[in-house]
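Here's the structure, in structure tokens; my notes come after.
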Ligand SMILES: Cc1cc2nc3c(=O)[nH]c(=O)nc-3n(C[C@H](O)[C@H](O)[C@H](O)COP(=O)(O)OP(=O)(O)OC[C@H]3O[C@@H](n4cnc5c(N)ncnc54)[C@H](O)[C@@H]3O)c2cc1C
Ligand SMILES: Cc1cc2nc3c(=O)[nH]c(=O)nc-3n(C[C@H](O)[C@H](O)[C@H](O)COP(=O)(O)OP(=O)(O)OC[C@H]3O[C@@H](n4cnc5c(N)ncnc54)[C@H](O)[C@@H]3O)c2cc1C
Ligand SMILES: Cc1cc2nc3c(=O)[nH]c(=O)nc-3n(C[C@H](O)[C@H](O)[C@H](O)COP(=O)(O)O)c2cc1C
Ligand SMILES: Cc1cc2nc3c(=O)[nH]c(=O)nc-3n(C[C@H](O)[C@H](O)[C@H](O)COP(=O)(O)O)c2cc1C
Ligand code: FES
Ligand code: FES
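Chains as they are written, first to last, in my numbering: chain A, 1 to 311; chain B, 1001 to 1311; chain C, 2001 to 2281; chain D, 3001 to 3281.
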């Protein structure tokens, strides 16, 4: 028997595969049955309605894409009255992603979504488009600590904190989120980038800078997930550039308890369905009975060829 | 007449194309005449001999590579007595890249290389492999300020400071380097990453983590070069993922006065030679007479389609 | 945020059945039709052939010759034939993605996702139809002409082009029993004022119940104006940069007039077909 | 840090003339030679054919079928013929890069960089040569056999393989006038102790002036030991992960014994051929 389930704190997921916030809506039900997923993670929303950024909002890159969607949001009321009831039809843990401009607003919103039907609050403290020059709470340990502490006291739902790769102190930020009460870390959001159309000399995105996602950022997000897993004792959910079975296994081996899939779903909307089947087949072929036998099993580095203690 | 020359502070370069540190040695003379380059930028060295990191030291990525070469160095004496004389045969500005573990060491090394034959000191305060967890001086503004101030007082040679993309405060770091006396900024070094071989469950690099370079990081380094150019008034030299004419033009349009080419030379050792010819041809075809007509000419963003002030 | 028009637009969620699929299909033909355009014919399974005119597919364009298109590219359905198992696209080679498409040869496979979006509506009271389009827009409107014929509506197709030889799909429209009027830049007949006279003249002579158009803001503004004057409704198929094509990413929003307010709608989901009166040029 | 051996190794900088080139060449043939190996024949210009045995090229493997090799892949020269304008590689399909190579067909183009590195030396006093290799190592040593024939040296080639039918290049060695001895895992003759007896026997019977080998640490240790005992020098072609192949990146270093110290040398530049006595297994 192959057991695909994984534990994120108190919560047991049927399998470690879930969508990344902002890349998933009910529209995907046009393509496959969404009840197979480990969790449903919704697009970040804010308390007040917002319009998001000017177009163009996406562009192609050599090995991925960049977006400056921003956080268009229909607000809290719409969420509670319109979106929430839709998701109740699934027997899959529902993760709502929230964002706000201050710690207080964040806490108030967390409190407001602490309602039946919601299994987890994911705090997007890392979206690089919203704040000036891409700065966000998640850039520094102190601002992370402050916002997470506020969130923690506002809700008793499991609290996942989504980190940003646009930081110079990933370990300190991860530890700050843990010590402030996060139940799990989602690592990571998009990497801030810029692309220019040289024929028009204009930025390719309406918002000038945007967030890079897809295969191009996989080694960066994987590194950060590894750093977070190794330096905290709460579960880490890996996210960034996952498109293949190997990508997913890299995150699990690096120490992640589950993964989120974003951009790959745009290239191929059946990605998560395929990954689930491939993971099960791979585990069976390799005699691996549970996900726990994969998580955090990174081996020592080196090929033993080079003695580095000499010139 | 097409004028390819560009000014970096007091220094005029024949053209804006030069190699990136660590990806260039005299060995490239096997392939083309190195006197065509705008400058010669050497591999970072340290005062004392060092061996560098264990193998494997490089690995392939989807759209680029990762390295954990480290800074194997034959030390100061070898540099002054063996390397320096070789480069004297070229009438091309010589840029030496130095690194050290402390501000004092850095300053002492800068002083020691303030000798005839050297046109510029490039301070690599950003190499992500050397310090624990990839941290380096260039991660924070205060440590940048301190080390650059020390360097500035140790030499009167032009001082280029090479920044790291592994920071959450790129603008503050760029400003700190400027205010501490840097004559130009080189933006940027590699992005810290990790890759795992899922069949052996080992890191692909002997040093576990390494620096991602090549096309995958272009939007990230370009964004940072743009941020640096816009927030300081010293010249910025763009570096990261440049392989094509369009890549180079993006950096110039974003505000860079010159560019460095690294990884692309590994894929195609004639890259810089080709870029030079393509730049000249493109300028002639577009009636552009000087590089100044390209630098910092980014236009306003937006396609005018979406009004964002509404829901 | 949903809006109600005769068929399709912004229908409530429950009317969306799992109805599109990602499939790898065989290229039967992929030939130039003129200097700029190519026609691609694919052998497609029934699962993706429940199409309606105005819908589109997202094509996973092959990486070729240094081009590395990453996101899928949206293409209107130019033709579909469920019985024969065929699907057609008419496309202009413009950038990395379409250059990749152009490299495909008979026997190669192409991954397609569709059918997507809301197509054109054709309520019973729309008997006398007028279609006005240009360039690639004519590709988008081609299956509409077939539908009009099937439903026994009369159709006038005004095909605009730089010069007469570049006017596309003229034969196809004629074969569908449409009256075809070619207007061109060369003789000035495609200019808005010339078009206005032409269209007003038709309205006066034969009557027009509805307009269909595509893309161009110039045509949109003209038809909005004429439509408002004469109380003639109509629909437009719009374009916008897309990532997912399914409604998930919100990349493809445009602004629409909805009573007194302006709202964003997703071209891939609520569209690509919208009421002419609501579209903002 | 340079070392002096009869030819080539660590020569001072000035002996390096601009002598390698990056060129796009036409594939003439690319066929399987057995289950695991393929032979690729390229039509190459004179600029890259001034090769010597033991040198290598860096191949820019095509992106194909989901594989995206980025760095070039090093391959020993299996054959070169300046007069005919041909260059050959014998390779094993192992990962993304070589899978890409295997997709090439006659008429396709491949970008190659070379010739690179320092080849084997063959000083006058090395008259009776013995070559011991296995697998892909036999590819690397193939041009050495031709050179031995050209210079009139006697050559014994010990070809090791899993089973007799997998022993490669046997005919090629025979055609070069070498005495070929095939040892296999199947009959145990490839085991180090069996090999030792075989080699010691040859030394006693006919004499051996120099060894040549490739890659395997097991063979290296055996030949180091036998060489030390009998005072027989020799050379080994080594492998290491590479990025630039030209000497710029220091990816490809390995450790070597140099008198009492151990030093790093670049396989791509100081090597890939090194004195057997100095290599560290
Ligand atoms: C619903 C819809 C239907 C379409 N139907 C057709 C059709 O039948 N025939 C046809 O030739 N073209 C059609 N287009 C336009 C077609 O999608 C673009 O020409 C194509 O994506 C260009 O891709 P490229 O890589 O070749 O060009 P590039 O200019 O290199 O594309 C760069 C990026 O911009 C996007 N892009 C470029 N032009 C457009 C555009 N007009 N609309 C949306 N995104 C664009 C691309 O998808 C890509 O992500 C349609 C567009 C939409 C939205
Ligand atoms: C000087 C030299 C000469 C060689 N000559 C031959 C030859 O004639 N025939 C042959 O079949 N093989 C030869 N090899 C080995 C060949 O380079 C590798 O098999 C090939 O690079 C594998 O690439 P891949 O993408 O198919 O495999 P992967 O395993 O996917 O390669 C992943 C990475 O590891 C590197 N790598 C893998 N194996 C080796 C290796 N043994 N040595 C160095 N780098 C490696 C690749 O270059 C690539 O960067 C030689 C290696 C060297 C260094
Ligand atoms: C179009 C788009 C919209 C996104 N919106 C959000 C969002 O609203 N909230 C959030 O936390 N992350 C958002 N993200 C980031 C993703 O959730 C994910 O962290 C990132 O894309 C990296 O994963 P990937 O490479 O698998 O896409 C968005 C990403 C994309 C591409
Ligand atoms: C193999 C390798 C070695 C490098 N060594 C150094 C170094 O010694 N000092 C330094 O400042 N940067 C070093 N770099 C970083 C490059 O100079 C450059 O900043 C980076 O690779 C991004 O540019 P690219 O994408 O064009 O390679 C090295 C990069 C590579 C790939
Ligand atoms: S393209 Fe993603 S919502 Fe329309
Ligand atoms: S591969 Fe770059 S130095 Fe050898």
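No residue lacks a Cβ here, since even glycine has one placed at the ideal position from N, Cα and C.
Short CB-CB distance (under 7 angstroms) between residue i and chain D
i, result
"residue 1098 of chain B", "no"
"residue 1131 of chain B", "Because the pLDDT at residue 1131 of chain B is just 46, under 50, the model does not fix this residue reliably, and the value given afterwards should be weighed accordingly. Not one chain D Cβ lies under 7 angstroms of residue 1131 of chain B."
"residue 134 of chain A", "Model confidence at residue 134 of chain A stands at a pLDDT of 49, short of 50, so the residue's coordinates are unreliable; what they give is reported in the following sentence. Chain D contact via Cβ: absent."
7 angstroms Cβ cutoff met for residue i and residue j
i, j, result
"residue 1013 of chain B", "residue 1006 of chain B", "yes"
"residue 2239 of chain C", "residue 2215 of chain C", "yes"
"residue 3156 of chain D", "residue 3193 of chain D", "no"
"residue 95 of chain A", "residue 141 of chain A", "no"
"residue 158 of chain A", "residue 255 of chain A", "no"
"residue 219 of chain A", "residue 1306 of chain B", "no"
"residue 136 of chain A", "residue 164 of chain A", "yes"
"residue 206 of chain A", "residue 56 of chain A", "yes"
Chain E residues whose Cβ lies nearer than 9 angstroms to that of residue i
i, result
"residue 3068 of chain D", "Of the protein chains in this structure, namely A, B, C and D, none is chain E."
Boundaries (first-last residue) of the beta strand (DSSP E) holding residue i
i, result
"residue 3184 of chain D", "3179-3184"
"residue 3109 of chain D", "3109-3116"
"residue 945 of chain B", "Outside the shown range of chain B (1001 to 1311) lies residue 945 of chain B, about which nothing can therefore be said."
"residue 2133 of chain C", "2128-2134"
"residue 2078 of chain C", "Segment: none, residue 2078 of chain C is in no beta strand (DSSP E) and carries neither H nor E."
"residue 1185 of chain B", "1184-1187"
"residue 1265 of chain B", "Run containing residue 1265 of chain B: none in the beta strand (DSSP E); it sits in the alpha helix (DSSP H), 1264-1267."
"residue 163 of chain A", "159-163"
"residue 3056 of chain D", "3056-3060"
Supposed close pair residue i, residue j - CB separation, criterion 8 angstroms
i, j, result
"residue 1044 of chain B", "residue 201 of chain A", "That pair is no contact at about 34 angstroms."
"residue 1278 of chain B", "residue 1245 of chain B", "4 angstroms"
"residue 3130 of chain D", "residue 3037 of chain D", "With a Cβ gap of about 24 angstroms, residue 3130 of chain D and residue 3037 of chain D do not count as contacting."
"residue 3246 of chain D", "residue 3087 of chain D", "Rounded, the Cβ-Cβ distance is 18 angstroms, inconsistent with contact."
Proximity test, Cβ basis, 7 angstroms: residue i and chain A
i, result
"residue 2003 of chain C", "Confidence is the limiting factor: at residue 2003 of chain C the pLDDT is only 31, short of 50, which leaves the residue's position unreliable, though a coordinate-based value still follows. False, the Cβ-Cβ gap to chain A never drops below 7 angstroms."
"residue 1090 of chain B", "no"
"residue 3008 of chain D", "Confidence at residue 3008 of chain D is low in this model, with a pLDDT of 32, below 50, so its placement is unreliable and the value that follows should be read with caution. Taking Cβ atoms only, chain A never reaches closer than 7 angstroms to residue 3008 of chain D, which makes this a no."
"residue 2087 of chain C", "no"
"residue 2241 of chain C", "yes"
"residue 2071 of chain C", "yes"
"residue 1206 of chain B", "yes"
Any chain B beta carbon closer than 7 angstroms to residue i
i, result
"residue 302 of chain A", "yes"
"residue 267 of chain A", "no"
"residue 3100 of chain D", "no"
"residue 3330 of chain D", "Residue 3330 of chain D lies beyond the stretch modelled for chain D, which goes from 3001 to 3281, so this question has no answer here."
"residue 166 of chain A", "yes"
Residue range of the unbroken alpha helix (DSSP H) whose run includes residue i
i, result
"residue 2225 of chain C", "2217-2230"
"residue 219 of chain A", "218-231"
"residue 3201 of chain D", "3192-3205"
"residue 3362 of chain D", "For residue 3362 of chain D there is no data in the structure shown, the boundaries of chain D being 3001 and 3281."
Contact with chain C by residue i, beta-carbon distance below 7 angstroms
i, result
"residue 201 of chain A", "no"
Interface positions of the segment 3244-3262 of chain D facing chain A (Cβ-Cβ less than 9 angstroms), listed along the chain: So the close ones are 3253, 3254, 3255, 3261 and 3262.
Short-range partners of chain C found in the segment 1273-1287 of chain B, where Cβ spacing is below 7 angstroms: The residues in question: there are none.
Chain-ordered residues of the segment 21-44 of chain A with a beta carbon less than 9 angstroms from chain C: Hits within the stretch, in order: 22, 23, 24, 25, 26, 27, 28, 29, 30, 31, 32, 33 and 43.
Where the segment 1235-1254 of chain B meets chain C: residues whose CB sits under 7 angstroms from a CB there: Using a CB distance below 7 angstroms, no part of the segment 1235-1254 of chain B faces chain C.
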